[in-house]
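See structure below.
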Amino acid sequence: MPSTSEFVGTIKDLTGIANAKEAQSGRRDALGSAYNPDCLDFLEDSKDFKIEKVFEFCPNEQRAFGVEEMVKPIPLAIRCNPGEEAVLLSYEDGVWSWHFKNNDCVSNRDLVSDDGRHISLFSVPFKVQDRTTRGLWSKVVHVFKFATDWIQEGSSAAINNMLREYEGRKIKEGFKRIEHNLGFIEGLTTADPVSDWGGIKDVMKDKKKALLFIHGTGSSIEGGYADVPQKILAVLKNKYPVILGYDHFTLSKTPEDNAKDMLSTLESTGILDTGIKFDTVTHSRGGLVLRSFVELCNGYLNVDNAVMVACPAGGTSLANPGKWDSLAKKIDLLTNIFFFTGGAPMKIFFNLVGGLIKFAASKLKEPNAIPGVWAMNPNSEFIKKLNKSSSSIGGDVVYNTIGSDFEPSGIFKGGLKDDITDSIADVYFGDPNDLVVDTDKMVVPWPTGIKSGIKFNYEPWQHVYHLNYFRQAETYRRFSDIFKVDLKTVIDECL
Numbered sequence: 032m033p034s035t036s037e038f039v040g041t042i043k044d045l046t047g048i049a050n051a052k053e054a055q056s057g058r059r060d061a062l063g064s065a066y067n068p069d070c071l072d073f074l075e076d077s078k079d080f081k082i083e084k085v086f087e088f089c090p091n092e093q094r095a096f097g098v099e100e101m102v103k104p105i106p107l108a109i110r111c112n113p114g115e116e117a118v119l120l121s122y123e124d125g126v127w128s129w130h131f132k133n134n135d136c137v138s139n140r141d142l143v144s145d146d147g148r149h150i151s152l153f154s155v156p157f158k159v160q161d162r163t164t165r166g167l168w169s170k171v172v173h174v175f176k177f178a179t180d181w182i183q184e185g186s187s188a189a190i191n192n193m194l195r196e197y198e199g200r201k202i203k204e205g206f207k208r209i210e211h212n213l214g215f216i217e218g219l220t221t222a223d224p225v226s227d228w229g230g231i232k233d234v235m236k237d238k239k240k241a242l243l244f245i246h247g248t249g250s251s252i253e254g255g256y257a258d259v260p261q262k263i264l265a266v267l268k269n270k271y272p273v274i275l276g277y278d279h280f281t282l283s284k285t286p287e288d289n290a291k292d293m294l295s296t297l298e299s300t301g302i303l304d305t306g307i308k309f310d311t312v313t314h315s316r317g318g319l320v321l322r323s324f325v326e327l328c329n330g331y332l333n334v335d336n337a338v339m340v341a342c343p344a345g346g347t348s349l350a351n352p353g354k355w356d357s358l359a360k361k362i363d364l365l366t367n368i369f370f371f372t373g374g375a376p377m378k379i380f381f382n383l384v385g386g387l388i389k390f391a392a393s394k395l396k397e398p399n400a401i402p403g404v405w406a407m408n409p410n411s412e413f414i415k416k417l418n419k420s421s422s423s424i425g426g427d428v429v430y431n432t433i434g435s436d437f438e439p440s441g442i443f444k445g446g447l448k449d450d451i452t453d454s455i456a457d458v459y460f461g462d463p464n465d466l467v468v469d470t471d472k473m474v475v476p477w478p479t480g481i482k483s484g485i486k487f488n489y490e491p492w493q494h495v496y497h498l499n500y501f502r503q504a505e506t507y508r509r510f511s512d513i514f515k516v517d518l519k520t521v522i523d524e525c526l
């Protein structure tokens, strides 16, 4: 058993350093890349969070060499002005964790400072450390403030309306045209959707087939497909003169809501009257949007080949409301996965995750207030409706799937590996998964009329997880087979 001790060491105030920004870029770099300061920029860019303080806790060197020692959780008291609350984000041994105040503590609800501000109490734990293998260590704690008028106790509908307003400030819904020579460029998330469809209709006069990308939860077209090489798009452009992406809300709307919005937009533009057909690429929850469009909105008339990557066709254990009290841990899991991935996916995630963080910080027991997540519960009415055996779909739609059974061993090292592995065990109970979706839920018996195409799964030794499918050559080899496009040369060039 490890010994237990009080914290003995130094506490450094890094607030000034953390907030120091480069004159030209305006980005933080003083903390060093080891602390991934980009997250601070992304959260503040969202204009919903303000960095109040950054502390580094540096325990003294362990006296008993070779003996594991567990430092007791450090209590922190944060003073908040009326109408604001605090949340903590810590970084230790490669692992990021969110910390929320303990509402069960009576003093946490009633404690007031001398200047009249209420005090929120936090308990920040340290990991077990063994100095013989891990050396000296520290923990960095970021204190963020946010306004409480965004979310309050209330009905699911009221909370959902506030969540939708939040998403509306982060992403512009609608179809975005993807230029093959630019790719999924920065700024697509907030770019205006296509408004003049006349040019698209002209291009589609001869070739009636377009390619459509649909993104997943907590993401956007920009974040979900940033890894798709421009050279791949250039070759696809030869077959698909029009490439589109559909940006949409993934928290405040269900996949069926998204599908109905898609249909409404397409009908209002008159593009469906041209006889247009879509081949589609979806990621994660985007597959449920596509399925809803095809199976619940008569979209089968306008879809041919669909490639669903990591689709929670049968739901995902990550959305099981029976484990809703572990929402904070699920946010931790997703935060670490996006940090590991970096780049555009991490930026978009941090811009959108604020809604979930505020929800968790408010300790609200209203999972239905986040319908976009609730719909992915394996036992939800939406999943049951989608997968009912009596369904029969017309058209000639083909569903192709790409999935993975991810093994973190050898990829995530040290504490990060342990932390992610523990989180996975809590959510999936050892069943195969790609860190977000259960592998066995990526394919279900499709409704009558839907043709089953290629079913490809990455093996554990290939280390493919939920956010790096589009960095893999095999993914594009499957595209080549499914879409009947020769991508071999360009795959060899860029992957």
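Residue numbers (our numbering): 32 to 526. Heads up, the beta-carbon is just placed ideally off N, CA and C, and yes, glycines get one too. Values in this document were obtained by computation on a predicted structure and should not be read as measured data.
(Q) Among Phe370, Ala392, Cys342 and Gly345, whose alpha-carbon lies nearest the alpha-carbon of Ala359? (A) Put simply, of Phe370, Ala392, Cys342 and Gly345 the residue whose alpha carbon is nearest the alpha carbon of Ala359 is Ala392.
Q.
Using 8 angstroms as the threshold, is the C-beta distance between Lys52 and Val174 below it?
A. no
Q: Pick helix, strand or coil for Trp127, following the three-state DSSP scheme.
A: strand
Q. How is the beta strand (DSSP E) around Lys483 delimited, first residue to last?
A. Here residue 483 is Ser; the residue named in the question, Lys, does not match the sequence. It spans Lys482 to Tyr489 - the beta strand (DSSP E) in which Ser483 sits, taken as one unbroken run.
Q. Which first and last residues belong to the alpha helix (DSSP H) in which Cys89 is found?
A. Counting along the chain, Cys89 falls outside any alpha helix (DSSP H), though it belongs to the beta strand (DSSP E) covering Lys81 to Pro90.
Q: With distances taken Cα to Cα, identify the nearest neighbour of Thr366 among Val126, Gln503 and His279.
A: Val126
**Q.** C-alpha gap between Asn212 and Ala222, whole angstroms
**A.** 17 angstroms
Q | Between the CA atoms of Gly373 and Phe215 - distance to the nearest angstrom | A | 16 angstroms
Q) Given Lys203, which residues of its chain have a CB within under 8 angstroms of its CB, disregarding the five upstream and five downstream residues? A) Thr220, Thr221, Ala222, Asp223, Pro224 and Asp278
**Q.** Residues of its chain near Pro463, where Cβ-Cβ distance is below 6 angstroms and the 5 sequence neighbours each way are ignored
**A.** Asp436 and Thr470
Q) Below 8 angstroms, can you find three or more Cβ-Cβ pairs linking the stretch 470-486 to the stretch 343-354? A) yes
Q: Closer than 7 angstroms by C-beta to Arg195: which residues in its own chain qualify, once you throw out the five before and the five after it? Chain order, please.
A: Phe280 and Ser283
Q | Inter-residue spacing [alpha-carbon to alpha-carbon] between Gly166 and Val320 | A | Confidence in Gly166 is poor, its pLDDT being 42 and thus under 50, which makes the residue's placement unreliable; the coordinate value appears in the next sentence. Between Gly166 and Val320, the C-alpha separation is close to 48 angstroms.
Q. Residue ranges of each beta strand (DSSP E) run of no fewer than 3 residues wholly in the stretch 291-374, ordered along the chain?
A. 308-314 and 334-340
Q. Which word fits Arg322, buried or exposed, when buried means at least 16 other C-beta atoms lie within 10 angstroms of its C-beta?
A. buried
Q) Under a Cβ-count criterion, where at least 16 other Cβ atoms within 10 Å of its own Cβ denotes burial, should Trp477 be classed as buried or exposed? A) buried
Q.
Nearest by alpha-carbon distance to Asn351: which of Pro260, Leu383, Phe131 and Pro402 is it?
A. Pro402
Q. Can you name the residues that DSSP bridges to Ala178?
A. Glu115
Q: Check each candidate in Ile302, Pro113, Pro272 and Glu210 and name the one with the smallest Cα separation from Pro260.
A: Glu210
Q. Anyone know if the C-beta pair for Ile82 and Asn50 falls short of 8 angstroms?
A. yes
Q | beta strand (DSSP E) segments (min. 3 residues) lying fully within the stretch 230-262 | A | 240-245
**Q.** Which listed residue (Leu107, Glu253, Ala189 and Asn336) has its alpha carbon closest to that of Thr383
**A.** Reading the sequence as shown, one finds Leu at residue 383 and not Thr. Checked all of Leu107, Glu253, Ala189 and Asn336; the closest Cα to Leu383 is Glu253.
Q: Keeping to the same chain, check which residues put their C-beta closer than 6 angstroms to that of Gly276; ignore five residues upstream and five downstream.
A: Lys207, Ile209, Phe244 and Ile252
Q. What did DSSP end up calling Leu152 once you bin it into helix, strand or coil?
A. Looking at Leu152 - three-state DSSP - the assignment turns out to be strand.
Q) Whose C-alpha, out of Ile513, Glu412 and Tyr122, is nearest the C-alpha of Lys482? A) Ile513
Q.
Using 8 angstroms as the threshold, is the C-beta distance between Ala241 and Phe309 below it?
A. yes
Q: Compute the beta-carbon to beta-carbon distance between Cys328 and Ala290, rounded to the nearest angstrom, for a pair I have assumed lies under 8 angstroms.
A: 5 angstroms
Q: Take Glu217 and list the residues in its own chain whose beta-carbon comes closer than 8 angstroms to its own, dropping the five residues that flank it on each side.
A: Glu253 and Ala375
Q: Look at Leu498 and Tyr507 and say whether their C-beta atoms are less than 8 angstroms apart.
A: Result no, Cβ atoms of Leu498 and Tyr507 do not sit closer than 8 angstroms.
Q.
By the three-class DSSP mapping on this structure, what secondary structure does Thr520 have?
A. helix
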